[in-house]
Every structure is written in structure tokens, then in C-alpha cells.
Amino acid sequence: MEPYKNHNSVAALMNRNNVDTDQIVPKQFLKKVERTGFGAHLFHDWRFNPDGSDDITFELNKPAFKGAKILVTGDNFGCGSSREHAPWAIADYGFNTIISTSFADIFYNNCFKNSILPLIVDGAKLDALMNEIASNEGVSFTVDLENQTVTTPAGNGFSFDIEPFRKHNMINGLDDIGLTLVHEDKISTFESNQKQSMPWLWRNA
Amino acid sequence: MTNVNAKTLYEKIWEAHLVHHEPGQAPLLYVDRHLMHEVTSPQAFEGLKIANRPVRNPSSILATLDHCVPTKDRDKPIADPIARKQVETMMANCATHGLNLYDMENPNNGVIHIVVPEHGFVHPGMVTVCGDSHTATHGAFGALAFGIGTSEVEHVMATQTLPQEKSKSMMVRVDGALSEFCTAKDIALAVIGKIGTAGGNGHVIEFAGEAVQALSMEGRMTLCNMAIEAGARAGMVAPDQKTFDYIEGKEFAPKGADWGTALNYWKSLPSDEGALFDTTVVLQGNDIAPQVSWGTSPEQVAPVTSTVPTPESFGDDNKALACKSALNYMGLAGGTQITDIEIDYAFIGSCTNGRIEDFRAAAKVARGTTVAAGVTAIAVPGSYHVKVQAEEEGLDKIFLDAGWEWREPGCSMCLAMNGDELKEGQRCASTSNRNFEGRQGKGGRTHLVSPAMAAAAAAAGKFVDISANNAS
Ligand code: SF4
Numbered sequence: 557m558e559p560y561k562n563h564n565s566v567a568a569l570m571n572r573n574n575v576d577t578d579q580i581v582p583k584q585f586l587k588k589v590e591r592t593g594f595g596a597h598l599f600h601d602w603r604f605n606p607d608g609s610d611d612i613t614f615e616l617n618k619p620a621f622k623g624a625k626i627l628v629t630g631d632n633f634g635c636g637s638s639r640e641h642a643p644w645a646i647a648d649y650g651f652n653t654i655i656s657t658s659f660a661d662i663f664y665n666n667c668f669k670n671s672i673l674p675l676i677v678d679g680a681k682l683d684a685l686m687n688e689i690a691s692n693e694g695v696s697f698t699v700d701l702e703n704q705t706v707t708t709p710a711g712n713g714f715s716f717d718i719e720p721f722r723k724h725n726m727i728n729g730l731d732d733i734g735l736t737l738v739h740e741d742k743i744s745t746f747e748s749n750q751k752q753s754m755p756w757l758w759r760n761a
Numbered sequence: 037m038t039n040v041n042a043k044t045l046y047e048k049i050w051e052a053h054l055v056h057h058e059p060g061q062a063p064l065l066y067v068d069r070h071l072m073h074e075v076t077s078p079q080a081f082e083g084l085k086i087a088n089r090p091v092r093n094p095s096s097i098l099a100t101l102d103h104c105v106p107t108k109d110r111d112k113p114i115a116d117p118i119a120r121k122q123v124e125t126m127m128a129n130c131a132t133h134g135l136n137l138y139d140m141e142n143p144n145n146g147v148i149h150i151v152v153p154e155h156g157f158v159h160p161g162m163v164t165v166c167g168d169s170h171t172a173t174h175g176a177f178g179a180l181a182f183g184i185g186t187s188e189v190e191h192v193m194a195t196q197t198l199p200q201e202k203s204k205s206m207m208v209r210v211d212g213a214l215s216e217f218c219t220a221k222d223i224a225l226a227v228i229g230k231i232g233t234a235g236g237n238g239h240v241i242e243f244a245g246e247a248v249q250a251l252s253m254e255g256r257m258t259l260c261n262m263a264i265e266a267g268a269r270a271g272m273v274a275p276d277q278k279t280f281d282y283i284e285g286k287e288f289a290p291k292g293a294d295w296g297t298a299l300n301y302w303k304s305l306p307s308d309e310g311a312l313f314d315t316t317v318v319l320q321g322n323d324i325a326p327q328v329s330w331g332t333s334p335e336q337v338a339p340v341t342s343t344v345p346t347p348e349s350f351g352d353d354n355k356a357l358a359c360k361s362a363l364n365y366m367g368l369a370g371g372t373q374i375t376d377i378e379i380d381y382a383f384i385g386s387c388t389n390g391r392i393e394d395f396r397a398a399a400k401v402a403r404g405t406t407v408a409a410g411v412t413a414i415a416v417p418g419s420y421h422v423k424v425q426a427e428e429e430g431l432d433k434i435f436l437d438a439g440w441e442w443r444e445p446g447c448s449m450c451l452a453m454n455g456d457e458l459k460e461g462q463r464c465a466s467t468s469n470r471n472f473e474g475r476q477g478k479g480g481r482t483h484l485v486s487p488a489m490a491a492a493a494a495a496a497g498k499f500v501d502i503s504a505n506n507a508s
């Protein structure tokens, strides 16, 4: 997993509630054998016209939101099926931070496995952030995970809570595998012991 | 008298593989063998690539192509582009990481859980995983073998370990001998019928008792294979002389001086006298009759001598409801004599019953018969080795003479991913392991049986009580 770094980047606005994972990545794209490349299919049915060209009425297609790493969006983001393809697509597209009032449970957990920071704010704060973007499209926010703060030019910043182990894992880019590899020395010791006590396991396999 | 130090087979393997246990975190378990097929691994390889991680121990891995491979016209390219892509991806991934893959041209190719024992790749006491629930099969060797998800496949490739909570232990003992016409499959179905598909939840099952010990290694594999259908994490049988004899001399078996060292260790593995199990279930071998599943869950099973139950016969409301919906899907009326159920299809194969012993048992029944009018019968060996051996013994002729199709190996109609499938409403006597709705094709109706029962049903066009027919 990529370590999460503090950054200052464009915040994109998608003012919709209950965005489900089927909209994030429609099911016709699940048959792929890769987990990369899903960014091309993110919000496919909203993002593209039937002929494959960009639908310019879709908010994320606005030039001002190009290169955005932060997505500000409505309630209950990521509901629906548990597919991990959804966070794969979001991360692959380039977002690493999503700000909303609430997230679906499985999606929320999947975010942390994919170096995406899901931030929960109250309704009034979300409105303020949305207004700030709407009145100044292309505005950049600063996310500081170490100090657990978001700052904005118009002063709508806030501080957020995050479980210490999750914060630690994100800053250090540790996924489950990374966490296990913290014990790499113990795995190696186990292996050299097993080579001694059960040499046949290591002979002709 | 209880011996406080007495340990179960499961506990011994568990303790021998514990790498690390930090309070508040799941114990880290070492994995000796990692089995693979084309369906559940692509994203795991992709994950490694993204994180730029190597496969920690390529020699711990054995891979095959089985789920979506065709069972006929193998010389032609795979028609389904998605299946072809999966197969090609698997071949490329194995080449990149230097993994041992038995591809479609390889004489060792076949269903992963059939192929692996043929080469002695799993030994007693090993922790073995695979992105496939029927990994439980390898518990037949006294190994701890269980299925994992795609993210765990990646975890094992990268670290050779898995964070794992310890399971509870269940002893399933089958006392006394089995009747002549019953097999490991009938034990498996009878056990699931008794404890239910959730009966083994959270447990590792150890099968024991006279009837289990009497089983061949093939039979033990069939039995452990279906532990997953009882909801268990794994099934296992204590290793004994039969186990050792089976492994000795195989490609990946310990050789020379190693053999003696390994053997000593293996002999220390069986559960100690007085070891405690969280749950114990006892069946009598001679109570078990040939089984036929009548519903859409492996627990919906009955002896061939009985009738399809009515929803009212269940005391439990949920079970009554499940019965009702199963009968509806299966197109059956409660009270129907099992031997009156007519079939359209017979399938012998899968990792449950695709071994040489299964084809011998079926051929014995099929010899000199003719597949009933309107019935399609296909025999799909679990591997090329099974196929070659069966052909050497002339079993293919017996099937072909009786009107069966004799196919190339693969998972085939067990999960109907390769194009071998039932049509809407067709009814199949199947030696596979799952009778879920749509498992063998949309609207298809599956009855799980042993190979001999499937062969008898193919000839009669309906289920037959093979014990009655042959006893006279
Ligand atoms: S034969 Fe069936 S159960 Fe066995 S591995 Fe293949 S699909 Fe799975």
C-alpha cells in the first residue's frame, strides 16, 4: 500500500447522496483479472455518453476538478455490494481522500486497505465545504494526516478523529501484508528452524 | 481419566506452525503448501505487482488449470474469451514467478485437489491452503488444509503466513463397519444430514472410528472434501500406515534418510488418548444407507430407501420453509419415493468423486448396462493420471459401451463454468459436492450421490437402491 502523505490538492464536488458501489464501478467491469485499471471505469454510467465520449454535464468532468485528490460528496457514500473494485477504482482514478457525512460500513473499511482516507464531518460542515468549492471551483484543500486536520482557504477547516493503528498503518503504507511483514524476522526464524527440524519439507518441493 | 497434556491432531499442527502471537492480534500461522487454480488468483498476483512484492517461497506452490477448461476438443482454443483470458493470465503469472503449473498440455493436469495428492505434495502435519473451499480434501493425509479468499492468497504468496484465529475441534466418529454398498460419499452426506450445513461452523473436524479407518486414501479424501459442506473450516483424518504407503515414492515424498525422519514425526501426530474435543458426534456405520440429496442444500439428504420429506415433517419452521422452497425448485412433491425420481443426466467426476476408485466402483455397476433412453451420462476423470489409469484398466470401454461419454479432465459439471451444464429443469444424478440452486446450470436440479449410485441411476433412468438390487 502507498503511504499516505500530507498534501494540498484540488477538492472536487459531487453533491449526490447514497452513491452505491454499482455506480462507482458497474458490474460489467468486474470480470477483469486485474485490480488495476478500474479508474477508467469509475462512475462509468454517469461519466460517459453512450458513444464513449465524456458527458460534460457530469461534475467530475469539469476541467476545474482535473487532478483532484479530494472528493467532497453526500451522505452514505459507497453503499451496496461489498466489491473491493469500488475503492480500487477510486484510488486508481486518483482520489485519496473522501469527505462525507457518512460511509457504508464495508466500503469504509475497504478504503483503509487501499490508502484512501474517508473523513466524516457533520451536515453543517459538509454544506460549508460544498459551498466553498461551488463558489470557487478548482480550490485546493490541505490534508494533514499526522496532525489530523483539513484546512481550506476560506477557513472551513476542521480536525478529525482516526483510530491510532489506522493512522499509523496509513502513514507508513502498511496493509495487512505490510503488517505481517513487520514480523519478517520471526517468519525467517521460523523457516530456519523448520529447515533444521523438518528438512524434508524444504528438500524437493 | 483425562490427560491434561493430551492434544488433538489439529492442536499439534497448529502449535507446530505458530509463528507469532501478539495479544490483541490474530495469531500468525505458517503455511507450508499453497495450491492454486486460475479463478481465484489473478487479483492476488496483481496485488503483488502493485506493491512490488516477490513470491516468498515459489516452491511451496503447485498450480493447475481446472475450473474453466473444456472437457472435450482440448486441441482447439478455448471458445469462451473470458475463460481463455483467465487461463492465459494464470500461465503468464506462473511463468513470471517461476511457479510449478500443470497447464492444459501437461500430463499431470487435472482438478487441483485430485492432482496434488497424486504427486505426494501434501504430507501429514502440513498447513496447506488454496483459494478454494474444497482444499479440505487434503486433510485426508492428516494435514490442516483449508480454503482462503483472494486477498489471503496474496497474503500467503507475500508472507508465507496467514493471520488466523484458532478453530474449535469436533470429533466425528463412525463406529462399526460400513455396508458393502456404502462409500465415503454416503458417510459424508449422512454426517451433513445429521449435523446440518452449519453444524461444523467454527470447527475443524477430525473423522475417526472403524468405518473411517477402513476407508482407502481416496475415500478419506472424499470424506474430508465435504467437511466444508458441513460448515467446517477443515476436515482431517489421522495419518496411519495407509497414509504413509500412499505417499511413499511419490514425486514430492521425502526420500532417503528424510523418509525415516518424516515418518517418525508423522507417527507422533494422531490425537492423543484422552484429547478433548469441543464437540463429538457419533454415527453407526451399519445405519448408513446409500444417500441421495433431494433438496438444494447438502443437508437435505435422505437414504435411497426412503421418501422425499414433506415440509410438515420438520418440527423447525425455518427447516420447513427451506424444504418447501427446495421442493419447489427441485420440482418434487413431498412423500415421493426416492427411487421414483427420474433423471435426465448423470455426472461422475469432480474433486469429490473423480478418482480412480470412483470410476472402478461406477464401472462395476455400469458394466453391461445401457444408459436409459433420454438420459445423458458423462464421466469426467479428475486428472489425466486418473484417465490414463482408467483406460489401462479398460474402464473407458465399459462406460462407452454402456452409452456414457468419456471426457477430458476438469471441474466440468461440478460448477458448470466451462460450458458443461444442465438446462433449465434438467435433473442430474451427480457425484459432485454442491446441490445449490443453479450450481450445475441455471434451473438445473442436482442430486448428490456416490459414483455407484450415479451409474445405477443412469442405467435405470431413476434412482436405484443398489443394496437391494445386488443383495439378492
Ligand atoms: S471439482 Fe468442483 S468443488 Fe472441486 S475444485 Fe472443481 S469446482 Fe471446486
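Residue numbers (my numbering), protein chains in the order written: chain X, 557 to 761; chain D, 37 to 508.
Built from N, CA and C at the ideal position, the CB exists for glycine as well.
Does DSSP put X/Pro660 in a helix, a strand or coil?
It is Ala, not Pro, that sits at residue 660 of chain X in the sequence shown. Coil.
At least one CB of chain D closer than 7 Å to the CB of X/Glu590: is that the case?
yes
Apply the 10 Å Cβ neighbour rule to X/Asn687 and answer buried if 16 or more other Cβ atoms are within range, or exposed otherwise.
exposed
Taking 7 Å as the threshold (C-beta atoms), are D/Glu74 and D/Leu101 in contact?
yes
Please confirm if the segment 423–432 of chain D is in contact with the segment 364–379 of chain D, defined as three or more CB-CB distances below 8 Å between the two stretches.
With a cut-off of 8 Å on Cβ pairs, the segment 423–432 of chain D is not in contact with the segment 364–379 of chain D, counting fewer than three such pairs.
Got a sec: is the Cβ-Cβ distance from D/His174 to anything in chain X below 7 Å?
no
Is it buried or exposed, D/Ile434, if we count other Cβ atoms within 10 angstroms and call 16 or more buried?
buried
Helix, strand or coil for D/Pro153 per DSSP?
helix
First and last residue of the beta strand (DSSP E) that includes X/His563?
563–570
Would you call the segment 613–628 of chain X and the segment 563–575 of chain X touching, i.e. three or more CB-CB distances under 8 Å?
yes
Does the beta carbon of D/Val75 fall short of 6 Å from some heavy atom of the ligand SF4?
No, the beta carbon of D/Val75 sits no closer than 6 Å to any heavy atom of the ligand SF4.
Run the proximity test for D/Val147: is its beta-carbon closer than 6 Å to any non-hydrogen atom belonging to the ligand SF4?
yes
Verify the CB distance criterion: does X/Ile733 have a CB-CB separation below 7 Å to chain D?
yes
Is it the case that the segment 387–406 of chain D contacts the segment 454–461 of chain D, given that we only count it when at least three CB pairs across the two stretches are under 8 Å?
Output reads no: the segment 387–406 of chain D does not touch the segment 454–461 of chain D.
Is D/Cys447 close to the ligand SF4? I mean its beta-carbon at under 6 Å from any heavy atom of the ligand.
yes
How about D/Ile377 and D/Phe499: are their beta carbons less than 7 Å apart?
yes
Establish whether the CB of X/Thr653 and some CB of chain D are separated by less than 7 Å.
no
D/Cys464 Cβ short of 6 Å to the ligand SF4 heavy atom set:
no
Going straight from the alpha carbon of D/Ile379 to that of D/Ala492, what length do you get?
11 Å
Chain-ordered chain X contacts of D/Pro290 [CB-CB under 8 Å]
Trp756, Arg759
What's the gap between the Cα of X/Gly679 and the Cα of X/Thr657?
6 Å
Alpha-carbon spacing of D/His421 relative to D/Pro445, whole angstroms
9 Å
Under a three-way DSSP split, which group does D/Asp501 fall into?
coil
From X/Pro582 to X/Phe668, what distance separates their C-alpha atoms?
22 Å
From X/Asn571, X/Thr653, X/Arg572, residue whose alpha carbon lies closest to that of X/Lys561
Checking every option, the nearest Cα to that of X/Lys561 belongs to X/Thr653.
Could you check whether X/Phe659 and X/Phe633 sit closer than 7 Å to each other, using their CB atoms as the reference points?
yes
Decide yes or no for the touch test of the segment 742–760 of chain X against the segment 222–232 of chain D: beta carbon pairs closer than 8 Å, at least 3 of them.
no
For my contact list, D/His155 and D/Phe350 are in at a C-beta cut-off of 8 Å; report their separation, rounded to the angstrom.
D/His155 to D/Phe350, Cβ: 45 Å. No contact.
Could you name the residues of the segment 112–124 of chain D whose beta carbon sits closer than 7 Å to any beta carbon of chain X, in the order they occur along the chain?
Ile118, Lys121, Gln122
Taking the alpha-carbon positions, what's the X/Trp756 to D/Thr233 distance?
37 Å
Less than 6 Å separating the Cβ of D/Leu451 from some heavy atom of the ligand SF4?
For the ligand SF4, a non-hydrogen atom lies closer than 6 Å to the CB of D/Leu451.
Among all the DSSP beta bridges, which residues are the ones paired with D/Cys464?
D/Tyr381, D/Thr482
Between which two residues does the beta strand (DSSP E) holding X/Phe697 run?
696–700
Please indicate yes or no: does the CB of X/Cys635 lie closer than 6 Å to some heavy atom of the ligand SF4?
no
Do three or more CB pairs link the segment 270–281 of chain D to the segment 389–405 of chain D at distances below 8 Å?
No contact exists between the segment 270–281 of chain D and the segment 389–405 of chain D.
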